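First residue of the sequence shown? That's 1 in the UniProt record's numbering, and the numbers climb one at a time after it. Structure, as structure tokens:
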Amino acid sequence: MKHMSQRVALLGGGKMGEALLAGILRAGRTAADIVVSERHPERAAELRERYGVTTAEPAGAIADADVIILAVKPQDMPALLADIGKAARPEQLVVSVAAGIPAAFIERNFDADVPVVRVMSNTAVFVDQAMSAISAGAHATGDHMKLAEDLLSPVGEVIRVPESQLDAVTALSGSGPAYFFYLVEAMTDAGILLGLPREVAYRLIVQTAIGAATMLKETGEHPVKLREAVMSPAGTTIAAIREMENHGVRAAMIGALEAARDRSRELASGLG
Ligand SMILES: NC(=O)C1=CN([C@@H]2O[C@H](COP(=O)(O)OP(=O)(O)OC[C@H]3O[C@@H](n4cnc5c(N)ncnc54)[C@H](OP(=O)(O)O)[C@@H]3O)[C@@H](O)[C@H]2O)C=CC1
Ligand SMILES: O=C(O)[C@@H]1CCC=N1
Numbered sequence: 001m002k003h004m005s006q007r008v009a010l011l012g013g014g015k016m017g018e019a020l021l022a023g024i025l026r027a028g029r030t031a032a033d034i035v036v037s038e039r040h041p042e043r044a045a046e047l048r049e050r051y052g053v054t055t056a057e058p059a060g061a062i063a064d065a066d067v068i069i070l071a072v073k074p075q076d077m078p079a080l081l082a083d084i085g086k087a088a089r090p091e092q093l094v095v096s097v098a099a100g101i102p103a104a105f106i107e108r109n110f111d112a113d114v115p116v117v118r119v120m121s122n123t124a125v126f127v128d129q130a131m132s133a134i135s136a137g138a139h140a141t142g143d144h145m146k147l148a149e150d151l152l153s154p155v156g157e158v159i160r161v162p163e164s165q166l167d168a169v170t171a172l173s174g175s176g177p178a179y180f181f182y183l184v185e186a187m188t189d190a191g192i193l194l195g196l197p198r199e200v201a202y203r204l205i206v207q208t209a210i211g212a213a214t215m216l217k218e219t220g221e222h223p224v225k226l227r228e229a230v231m232s233p234a235g236t237t238i239a240a241i242r243e244m245e246n247h248g249v250r251a252a253m254i255g256a257l258e259a260a261r262d263r264s265r266e267l268a269s270g271l272g
């Protein structure tokens, strides 16, 4: 089946659900082929209004779907799977974007051998600049992985990884956008401290971030090399970098991402 004519059921209409919904519509899928299940009626109405999709309860939403996207929080996954476990069929593909929830857990909540592909994407789906990692469950074939890639490649880059790496992927790129937003927030505050109006500081930093990311992507140079090219001897940049090293910023980042990876692992514990 041409992937653009696939019928999609999106279960969970929150931040990630809406990002994916908007993205797949931008990519050319039609609203008539998409059914959303969102338990807050006012949120469901908002999505119907904004995107022209229909909404339904989970079991109804998946009835005619070719692809079922699970986009609820990890703690809500067991209840959702209890709702759809008997209805999901082997000819359907289940794509879970949930952090920490193993494919095996999802598979054993289905009566049939339903193929599952796990995805760890991020909110940059909203601007077609997402980084998505995908991993196959026990019943997912190369065709299912290709279907997942076709779903996600219009909204950003897609990489295939073993499922054992997904907790680390979640720490780096799933949660990653928040680390950069946090850094921009801190640099903006520094700009204000140094006497710049907030909007000037913010504009300077955002464009500098875009420039730095573009240099990393387009030059292929190692970040150390790119950083050294900025650090003039006895200049301003090395003064800042020394201060960061003195405050253990590097160690703090490593510890922070390890904590995110550990939290992702914890999400799987106690699932039963
Ligand atoms: N936000 C992000 O940047 C990323 C999130 N993810 C993953 O995406 C998933 C969704 O996260 P996010 O969008 O942030 O969460 P949200 O809480 O924003 O969205 C989930 C939505 O689904 C609703 N919901 C919960 N259970 C059901 C159900 N059984 N039927 C219908 N709707 C239901 C929730 O309602 P209620 O509010 O009552 O819970 C909520 O409105 C998570 O598993 C997360 O790990 C992955 C990568 C990035
Ligand atoms: O914070 C979270 O748990 C989700 C998963 C990755 C980004 N947001």
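Every residue, glycine too, gets a C-beta built ideally from N, C-alpha and C. Since this is a predicted model, take the numbers as computed values, not measurements.
Subject >> Beta-carbon proximity list for SER5, same chain, < 6 Å, skipping 5 on both sides >> reply: Sequence-distant Cβ neighbours of SER5 in its own chain, meaning closer than 6 Å and more than five residues away, do not exist here.
Subject >> Beta-carbon proximity of VAL117 to ALA136, cut-off 9 Å >> reply: Yes, Cβ-Cβ distance for VAL117 and ALA136 is below 9 Å.
**OP:** With hydrogens ignored, establish whether the beta-carbon of ARG43 is closer than 8 Å to any heavy atom of ligand 1.
**Re:** A distance criterion of 8 Å places the beta-carbon of ARG43 in contact range of ligand 1, judged by its closest non-hydrogen atom.
Original post:
Is ASN109 buried or exposed, if buried means 16 or more other CB atoms sit within 10 Å of its CB?
Top reply: Flag for ASN109 reads buried.
Original post:
Quick one: Cα of ILE210 to Cα of GLU199, how far?
Top reply: Computed Cα separation, rounded: 17 Å.
**OP:** Taking all protein chains shown into account, decide if GLN92 is buried (16 or more other Cβ within 10 angstroms of its Cβ) or exposed.
**Re:** A residue is called buried once 16 or more other Cβ atoms fall within 10 Å of its Cβ, and GLN92 is buried on that count.
Subject >> 7 Å CB neighbourhood of THR188 in its chain, flanking five on each side removed >> reply: ARG198, ALA201, TYR202 and ILE205.
Original post:
Which word fits GLY13, buried or exposed, when buried means at least 16 other C-beta atoms lie within 10 angstroms of its C-beta?
Top reply: GLY13 should be labelled buried.
Original post:
Whole-angstrom Cβ separation of THR123 and LYS15, contact assumed at under 8 Å?
Top reply: Contact holds; Cβ gap of about 6 Å.
Original post:
I think VAL53 touches LEU21, with their Cβ atoms under 8 Å apart; what is that distance to the nearest whole Å?
Top reply: Rounded to the nearest angstrom, the Cβ distance from VAL53 to LEU21 is 7 Å, consistent with a contact under 8 Å.
Original post:
In terms of residues, what are the limits of the beta strand (DSSP E) holding MET131?
Top reply: Per DSSP, MET131 belongs to the beta strand (DSSP E) from 130-136.
Original post:
In chain order, which alpha helix (DSSP H) runs of at least 4 residues are fully inside the region 14-68?
Top reply: You should have 15-26, 41-51 and 58-62.
Original post:
What's the C-alpha gap between LYS86 and ALA61?
Top reply: Answer to the nearest angstrom: the Cα atoms are 14 Å apart.
**OP:** Measure the alpha-carbon distance for ILE84 versus MET231 and round it to whole angstroms.
**Re:** Their Cα atoms are separated by approximately 56 Å.
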